[in-house]
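Colleague:
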Amino acid sequence: MSIISISNLSKAYDDRTNALDEVNLEVNKGEIIALLGPNGAGKTTLISTICGLLTHDTGRIKVDGYDTITEYRKTRRLIGLVPQEIMLEPFETVYDTVRFTRGLFGYPENRKFLEDVLQQLSLWDKRNQMIKELSGGMKRRVMIAKALSHNPKILFLDEPTAGVDVELRRDMWNLVDLLKSNGVTILLTTHYIEEAEMMADRVALIDKGKVIFVENKDALMTRMSKKELTIKFKSPITKIPGSLSNYKLVISKDRLSLMYVYDTKASRTGITRLMRDIADTGFVLEDLETSQSSLEDIFVSLIRK
Ligand SMILES: Nc1ncnc2c1ncn2[C@@H]1O[C@H](COP(=O)(O)OP(=O)(O)O)[C@@H](O)[C@H]1O
Ligand SMILES: [Mg+2]
Numbered sequence: 234m235s236i237i238s239i240s241n242l243s244k245a246y247d248d249r250t251n252a253l254d255e256v257n258l259e260v261n262k263g264e265i266i267a268l269l270g271p272n273g274a275g276k277t278t279l280i281s282t283i284c285g286l287l288t289h290d291t292g293r294i295k296v297d298g299y300d301t302i303t304e305y306r307k308t309r310r311l312i313g314l315v316p317q318e319i320m321l322e323p324f325e326t327v328y329d330t331v332r333f334t335r336g337l338f339g340y341p342e343n344r345k346f347l348e349d350v351l352q353q354l355s356l357w358d359k360r361n362q363m364i365k366e367l368s369g370g371m372k373r374r375v376m377i378a379k380a381l382s383h384n385p386k387i388l389f390l391d392e393p394t395a396g397v398d399v400e401l402r403r404d405m406w407n408l409v410d411l412l413k414s415n416g417v418t419i420l421l422t423t424h425y426i427e428e429a430e431m432m433a434d435r436v437a438l439i440d441k442g443k444v445i446f447v448e449n450k451d452a453l454m455t456r457m458s459k460k461e462l463t464i465k466f467k468s469p470i471t472k473i474p475g476s477l478s479n480y481k482l483v484i485s486k487d488r489l490s491l492m493y494v495y496d497t498k499a500s501r502t503g504i505t506r507l508m509r510d511i512a513d514t515g516f517v518l519e520d521l522e523t524s525q526s527s528l529e530d531i532f533v534s535l536i537r538k
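Going by this note's numbering, the sequence shown opens with residue 234, and the numbers climb by one from there.
#1: Are the CB atoms of S238 and L253 within a distance shorter than 8 angstroms?
#2: So, are the CB atoms of I312 and P385 less than 8 angstroms apart?
#3: Answer with buried or exposed for T288, where buried requires no fewer than 16 other C-beta atoms within 10 angstroms of its C-beta.
#4: Could you tell me whether any non-hydrogen atom of ligand 2 is closer than 7 angstroms to the CB of T277?
#5: Just to confirm before moving on: does the CB-CB distance between L438 and G270 stay below 8 angstroms?
#6: For L412, which residues of its own chain have a beta-carbon under 7 angstroms away from its beta-carbon, when the five flanking residues on both sides are left out?
#7: Taking M363 and T326 to be in contact with their CB atoms under 8 angstroms, please state how far apart those CB atoms are, rounded to whole angstroms.
#8: With DSSP as the reference, please indicate the residues paired to Y480 in a beta bridge.
#9: If you follow the alpha helix (DSSP H) that V350 is in, where does it begin and where does it stop?
#10: How far does the beta strand (DSSP E) with R488 in it extend, from its first residue to its last?
#11: If you pair each beta-carbon of the region 424-438 with each one of the region 255-271, do three or more pairs fall below 8 angstroms?
#12: Helix, strand or coil for Y305? Go by DSSP, reduced to three states.
#13: Could you round the C-beta distance between P474 and T514 to whole angstroms and report it? I think they count as a contact, below 8 angstroms.
#14: Rank I302, G416, Y305 and V350 by C-alpha distance to the C-alpha of N261 and give the top, closest one.
#15: In its own chain, which residues sit with a C-beta less than 7 angstroms from the C-beta of A378, not counting the 5 before and 5 after it?
#16: Does the beta carbon of E304 fall short of 7 angstroms from some heavy atom of ligand 2?
#17: Sort Y495, S490 and L507 by Cα distance to D520 and report the nearest one.
#18: Report the rounded CA-to-CA distance for V315 versus S368, giving the unit in angstroms.
#19: Sort S414, I236, I484 and K276 by Cα distance to D440 and report the nearest one.
#20: From the DSSP secondary-structure annotation, give me the bridge partner or partners of N449.
#21: Per DSSP, which residues does A245 bridge with? Please list them.
#22: Comparing alpha-carbon positions, which option in N361, T502, R403 and N343 lies nearest L381?
#23: For R335, I'd like the list of residues in its chain whose CB is within less than 6 angstroms of its CB, leaving aside the five on either flank, ordered along the chain.
#24: Count the other C-beta atoms from every protein chain shown that fall within 10 angstroms of the C-beta of A429, then say buried if there are 16 or more, exposed otherwise.
#25: Name the two residues that bound the continuous beta strand (DSSP E) containing L314.
#26: Between M405, E259 and K486, which has its C-alpha nearest I236's C-alpha?
#27: Out of N257, Y246 and M234, which one is the CA nearest neighbour of F446?
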């Protein structure tokens with residue numbers, strides 16, 4: 234069942250270019266979906282229109298069945314947003330910052346709930362400190378706490394780990410896991426492919442304001458799976474022999490290996506024949522190694538297409 238339903242959404246900042254171009258996207262309840270795309274692809278614009286921070290030109294967005302324009306109060310309350318930029322009041326305390334945000338959504342103070350949120354983000358000990366006294370990483374934690382202050386059903390994380398230290402990144406992944414197990418739907422944007430690979434159930438690739446595809450992450454990885462076979466030799470190879478010229482082999486920098494890329498789904502990988510032809514050349518094998526292509530390789534090859 235989808236909790237966010239986007240149809241034919243377009244948005245232009247000026248008359249020349251569409252930042253969003255006829256976007257259609259269904260986000261399922263309880264899933265983690267990663268919007269992947271290069272800088273300027275339209276990820277932030279898409280999130281901003283769903284949140285109601287920007288108006289779209291054409292199309293329609295429904296959140297939990299409510300229209301984001303005509304019923305924006307209802308949709309806004311369901312969503313927590315961690316924006317790309319840190320925006321905080323420097324002379325406010327951590328606790329008041331979070332309490333105030335909760336108030337803006339029309340909820341009364343709930344000290345127990347806010348304590349839980351701050352604990353999860355390792356901010357409880359810092360609750361009485363002023364924002365200006367915090368490090369950048371701590372400020373980012375406060376941005377997340379603010380986004381969770383009204384217990385949203387949907388959380389948007391816009392480039393959550395850009396320029397974030399390892400510890401916060403790990404905490405963030407744990408928090409995302411916890412939220413997901415509580416049934417929260419999470420939409421994150423990133424251009425770190427490893428992040429999508431690690432966390433997302435589905436991946437939507439966006440480029441130039443268009444959704445290129447939306448696919449189950451595991452299915453995507455399997456469908457596109459290419460493996461690389463590295464064949465190491467005892468002595469350096471100066472030139473690929475003519476008898477191996479049909480294999481599109483690449484010589485490694487140290488000249489001690491040949492690399493062969495094959496499709497794991499193909500009916501014939503060509504490996505058996507390749508090994509036999511290599512044996513015929515008289516080259517002496519040292520070792521063999523295979524490695525799986527990452528989502529990053531897949532992404533780059535799709536964007537190029
Ligand atoms: N406030 C703005 N005014 C004019 N153009 C903008 C504005 N914000 C974004 N854009 C343009 O819209 C496109 C999409 O930007 P954005 O949604 O920020 O991409 P992403 O978040 O994927 O990096 C880009 O071409 C960007 O330059
Ligand atoms: Mg952005």
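No residue lacks a Cβ here, since even glycine has one placed at the ideal position from N, Cα and C. Predicted model only: the values in this text are computed from it and were never measured.
Modeller: Concretely, from the data shown:
#1: no
#2: yes
#3: exposed
#4: yes
#5: yes
#6: L388 and I419
#7: 6 angstroms
#8: Answer by DSSP bridge pairing: none, since Y480 is not bridged.
#9: R344 to Q353
#10: Note, R488: premise wrong, no beta strand (DSSP E); not H, not E.
#11: yes
#12: helix
#13: 5 angstroms
#14: G416
#15: V331, V350, L351, L354 and L356
#16: no
#17: S490
#18: 17 angstroms
#19: K276
#20: R435
#21: N251
#22: N343
#23: S382 and H383
#24: buried
#25: I312 to V315
#26: E259
#27: N257
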